[in-house]
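Sequences listed follow chains A and B, in order.
So the first sequence is residues 1 to 500, counted in this note's numbering.
So the second sequence is residues 1 to 356, counted in this note's numbering.
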Amino acid sequence: MTPIVTRHLRPLIQASGLMRKELSQTLRQPQLILLLAGGPFVILVIFGLGYDEEQLALRTRFIGPTDSIYATAVDEHSDLLSQYVIPAGFSDDIFEARRDLEDDEIDLIVIFPDDAEVLIADGEQAPITILHDKLDPVQLIAVEVASRLAVGEVNATILEQLVGEGLDGLRPLTDHLDDAVVAAEALEQAEREGDSAAAQEHYEELDAALIGAETALGASALVIDQLAGTDTTDATDSIEEAQADIRSIRRDADPDSPATTAGIGQRTADVAEVATTLADVPPNVIVRPFYHEFQHLGEEHITSTSFFSPSTIALLVAHLGLTFAAMSVIADRRLGVFEIYRVAPMGPGQIVFSKYLAFLLLGAFVAAALLAAVVLGLGVPMLGAIPWVVVGMAGMLLASIGLGLIVSALANTDIQAVQYSMLVLLAGLFFGGFFLDLSAFATPVQALAQVLPVTHGISVLQDVMLRGVEPDMIDLISLAALTGVYGIGAMMLMRWQLRA
Amino acid sequence: MITDGSKVSTENLGKKYGDRWAVRGVDLAADELRIVGLIGPSGCGKTTLVRMLNGILPPDEGSVSLLGKDPQKFGSTDRQRIGYLPQQAVLFPELSLWENLNYHASLAGVRFRRRARLHELLEFVELGDDRKKKVHEASGGMQRRLALAAVLVHKPEVLFLDEPTAGIDPILRRRIWERFRLLRDEGTLLVVTTQYVGEAADCDDVGVLSEGQLLSLTSPGELARTAYGGDLVEITSVDPLPEHLVAEADTLDGVTSVERIGPHSAQLVVHEAKETLPLLRDWLDHHDVTTTSVDEPTIDFDEVFVRIVERDRGERAETDDDAAESDDSRTGEAAEVDLTAGNQQPHERERPLERF
């Protein structure tokens with residue numbers, strides 16, 4: 001026998017030899033390497049250049065009577081509506097709108113009812129109908145959300161007009177207070193001049209203005225009270241004090257009151273000064289008290305390319321690990337290498353270990369190349385610490401390689417192995433958090449997602465790269481557990497294959 | 001299990017796939033410094049037998065002893081002592097000849113003086129100048145030689161070679177057999193299967209397999225004796241051989257049978273050629289027959305093989321008839337030959353009724 005190394009070194013020599021073979025075989029195929037590293041990058045570049053996020057905003061035609069309140073609301077508040085949809089005009093021609101929808105000139109038709117006042121007078125809500133022809137579930141959600149928001153905005157706009165025009169008591173507070181100051185000064189002047197008729201007239205003007213101001217303050221207090229819940233706020237306390245002052249002025253200004261009107265003008269001016277500093281809720285705020293303002297907790301705006309890059313890399317690297325491991329074992333079987341394994345002085349441990357080592361190195365190389373390309377080339381953020389990316393990717397690769405080795409035992413041919421790999425890839429696409437958030441799925445499906453290495457890989461990469469935080473420990477523990485379970489499974493199946 | 005000191009031995013060894021026996025009732029024993037050839041047609045059980053001998057397949061009946069142990073229980077140290085060249089050589093097309101050989105050296109755990117060993121082996125199989133060539137660029141013959149080098153990388157004591165010369169031209173086959181003899185002379189026991197019956201002459205011992213049974217395991221010469229029922233002697237005369245002399249030859253002492261094979265020649269089966277040849281020459285002189293040769297001919301192993309297999313089939317047919325009459329036992333034993341104890345005639349044995 002030729003000199004053989006010691007028992008301790010031999011497994012390492014064997015594993016390194018096997019690993020070298022796997023790597024050499026792969027690296028001898030430059031097209032494959034180019035495909036692995038360059039293909040996904042090119043796809044991401046095309047995606048980044050070609051995807052228009054604005055396309056999610058829907059071109060919307062509003063339909064209703066042209067001289068109606070709807071037309072005015074849509075016309076005057078198109079800037080507000082354009083936050084949700086792209087207004088494409090107001091018309092009373094539903095047939096033309098449908099043709100435009102069919103011709104893909106517009107995306108949505110919002111139809112206001114002709115007889116809204118009849119329904120509302122009967123105490124019923126009037127329907128606003130929305131027509132569209134979208135099939136894509138994501139776009140359907142966009143249609144629903146955008147149309148709800150747009151209709152809500154139209155509702156609010158109409159209500160604002162009604163409130164502003166119909167309810168004079170809800171005129172702006174400052175208007176009432178300005179009138180009150182003028183009337184109070186005139187009253188005081190008439191009293192000094194002894195002109196009781198003029199004094200009576202100015203008293204009535206003052207009283208009406210003060211009632212309007214008190215009512216406006218009351219409306220503001222009501223809105224603030226409702227929003228604040230049961231707690232009394234400083235703002236409402238101040239309003240109530242101002243209201244009390246107003247009532248006091250009204251009492252003292254009354255010609256039948258024994259109190260003098262001297263200084264009533266100054267008192268009114270003082271109250272006006274205080275009241276205008278208090279909450280004055282105008283009609284548009286009363287009917288639309290909130291507006292939205294997006295503020296992401298992350299440090300950067302995440303574009304679609306940035307969002308999909310980590311998921312794409314995770315998916316590709318996991319698929320690479322799984323497919324290469326599976327195909328490697330199948331190729332070994334096809335070439336008859338198992339015959340040699342069975343008589344070689346080595347066990348399943350060295351074989352499995354060498355596969356892990358080879359494809360971990362290969363996967364790490366591809367992952368590093370892709371990450372560098374998307375970060376440096378596409379500007380995808382890397383907000384967190386790179387070592388966490390390394391840990392996450394290594395865990396995902398190891399678990400995927402283990403899964404690939406298990407797949408190889410179940411598949412008899414290359415084609416079967418490819419089909420199994422594609423199934424795992426599809427499962428990763430649908431349930432791994434690539435397109436849809438995991439929380440959207442039922443519990444059993446979420447459980448299925450947990451056994452896919454790519455689920456945790458995507459989560460880790462998104463946390464570290466896009467959120468700039470440490471990865472969720474549950475993901476890291478899950479990857480470690482999957483690596484262990486799949487590794488043990490792979491070892492057992494390799495032992496079984498060597499005996500079969 | 002046989003543990004008689006032989007490097008390889010079996011006892012009533014059998015393997016079946018489904019309900020069909022691929023190999024059954026094989027007893028053999030072989031030691032070092034020998035080339036044991038297993039010949040037989042495709043599907044006769046050669047590969048199954050070899051895979052049981054080296055421990056890849058567990059037997060369904062009987063036992064195997066390899067290097068004194070059951071190969072099914074081999075550890076890595078035991079496995080370092082054996083080598084196996086499967087029918088389908090394990091070579092990776094994208095790798096060079098050197099890389100392929102290096103891979104096999106890694107599998108075997110070879111480290112010390114590894115480069116020197118690889119160079120030595122490539123020279124041994126005359127591939128030293130082609131070591132950088134990719135396997136897919138190498139000819140079939142080069143690939144076969146490389147596969148042979150790969151199996152020798154760790155200098156195994158026992159070498160199992162499954163059809164190592166299949167698909168190779170006669171010149172290369174001869175060179176490969178020369179290397180087998182060199183390995184044997186260095187102390188390696190080679191167990192070689194082949195479909196080329198003519199290669200039996202290159203073996204020290206030849207086992208004839210047919211339909212899963214080892215019909216015979218003996219030296220090539222003895223195999224011919226078994227096939228013909230004695231030694232062959234061929235007479236070639238200058239003038240046509242008279243018919244009455246051919247008939248008379250059949251009655252001579254030590255002559256079993258005579259067959260005219262041409263106007264000037266006849267083939268005789270004799271008990272012992274060395275004893276009969278002088279007597280035969282005297283008898284021909286006595287009858288004034290001028291001969292060009294009276295000698296043992298070169299053995300046609302194709303003919304030997306056909307005779308042995310046909311005889312076996314005939315015996316089996318008879319056994320079938322007997323079995324049909326007596327509903328006798330369905331089990332049987334194959335030839336038992338201990339090569340370490342010298343060449344022997346195969347024993348008469350019962351034949352199993354299974355037909356393969």
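Ideal Cβ positions, reconstructed from N, Cα and C, are used throughout, including at glycine.
Query, Result
"Near-chain A residues of the region 104-118 of chain B - C-beta to any C-beta below 8 Å", "104, 105, 106, 107, 108, 109, 110, 111, 112, 113, 117"
"Listed by chain order, chain B residues near residue 355 of chain A by CB distance under 9 Å", "By Cβ distance, chain B contributes nothing, its closest Cβ being about 14 Å from residue 355 of chain A, past 9 Å."
"Any C-beta of chain A under 8 Å from that of residue 90 of chain B", "yes"
"Presumed contact (8 Å Cβ cut-off) between residue 53 of chain B and residue 191 of chain B, rounded CB distance", "6 Å"
"Contact set between residue 313 of chain A and chain B, taken where Cβ atoms lie within less than 7 Å", "Chain B residues near residue 313 of chain A: none, gap ~27 Å exceeds 7 Å."
"Nearest residue (CA-CA) to residue 153 of chain B, options B:168, B:113, B:132", "B:113"
"Counted within 10 angstroms of its Cβ, other Cβ atoms place residue 504 of chain A as buried (16 or more) or exposed", "The requested residue 504 of chain A does not occur in the structure, where chain A is confined to residues 1 to 500."
"Sub-8 Å separation of residue 502 of chain A and residue 433 of chain A beta-carbons", "Here chain A covers residues 1 to 500 and nothing more, so residue 502 of chain A does not appear."
"Own chain residues within Cβ distance below 7 Å of residue 177 of chain A, not counting five before or after", "213, 272, 275, 276"
"Contact set between residue 336 of chain A and chain B, taken where Cβ atoms lie within less than 9 Å", "86, 87, 88, 89, 90"
"Inter-residue spacing [alpha-carbon to alpha-carbon] between residue 357 of chain B and residue 468 of chain A", "This structure cannot speak to residue 357 of chain B, because chain B is shown only from 1 to 356."
"Residue 42 of chain B: contacting residues in chain A (beta-carbon distance under 9 Å)", "Per Cβ cutoff of 9 Å: no residues; residue 42 of chain B is ~17 Å from chain A at best."
"Proximal residues, the region 317-346 of chain A versus chain B, C-beta separation under 7 Å", "335, 336, 337, 339, 340, 342, 343, 344, 345, 346"
"Nearest-angstrom beta carbon gap, residue 231 of chain B and residue 273 of chain B [assumed within contact, 8 Å]", "4 Å"
"6 Å CB neighbourhood of residue 305 of chain B in its chain, flanking five on each side removed", "197"
"Runs of alpha helix (DSSP H) lying entirely within the region 243-313 of chain B, each at least 4 residues, in chain order", "243-249, 273-286"
"Chain-ordered chain A contacts of residue 79 of chain B [CB-CB under 7 Å]", "343, 344, 345"
"Closer than 7 Å at the beta carbon, the chain A residues around residue 12 of chain B", "Chain A residues near residue 12 of chain B: none, gap ~23 Å exceeds 7 Å."
"As assigned by DSSP and simplified to three states, the class of residue 422 of chain A", "helix"
"Residue 193 of chain B (DSSP reduced to helix, strand or coil)", "strand"
"Burial state of residue 11 of chain B, where buried means 16 or more other Cβ atoms lie within 10 Å", "buried"
"Validate contact between the region 202-222 of chain B and the region 41-48 of chain B using beta carbons, cut 8 Å, 3 pairs", "yes"
"Assumed close pair residue 95 of chain B, residue 161 of chain B - CB separation to whole angstroms, cut-off 8 Å", "22 Å between Cβ atoms; not a contact."
"Collapsed DSSP secondary structure at residue 17 of chain B in the structure displayed", "strand"
"Coarse secondary structure for residue 196 of chain A, derived from DSSP in three states", "helix"
"Inter-residue spacing [alpha-carbon to alpha-carbon] between residue 67 of chain B and residue 395 of chain A", "44 Å"
"Neighbour flag for residue 76 of chain B against chain A, beta carbons, 8 Å", "yes"
"Expected contact under 8 Å - CB spacing of residue 108 of chain A and residue 140 of chain A to nearest Å", "About 12 Å separates the two Cβ atoms, so there is no contact after all."
"Closer than 8 Å to chain A by CB, residue 98 of chain B", "no"
"Residue 222 of chain B burial status per 10 Å Cβ neighbour count (16 or more: buried)", "buried"
"Neighbour-count burial assignment, residue 29 of chain A, 16 or more Cβ in a 10 Å radius", "exposed"
"DSSP three-state assignment for residue 434 of chain A, whether helix, strand or coil", "coil"
"Whole-angstrom distance between residue 307 of chain B and residue 227 of chain B, CA atom to CA atom", "6 Å"
"For residue 215 of chain B and residue 335 of chain B, the rounded distance between their alpha carbons", "Confidence at residue 335 of chain B is low in this model, with a pLDDT of 38, below 50, so its placement is unreliable and the value that follows should be read with caution. Distance between the alpha carbons of residue 335 of chain B and residue 215 of chain B: 6 Å."
"Among A:430, A:374, A:311, A:485, nearest to residue 463 of chain A - alpha-carbon criterion", "A:311"
"Residues from the region 21-42 of chain A in contact with chain D, defined by Cβ distance under 8 Å", "Within the model displayed, chain D is absent; protein chains A and B are what it includes."
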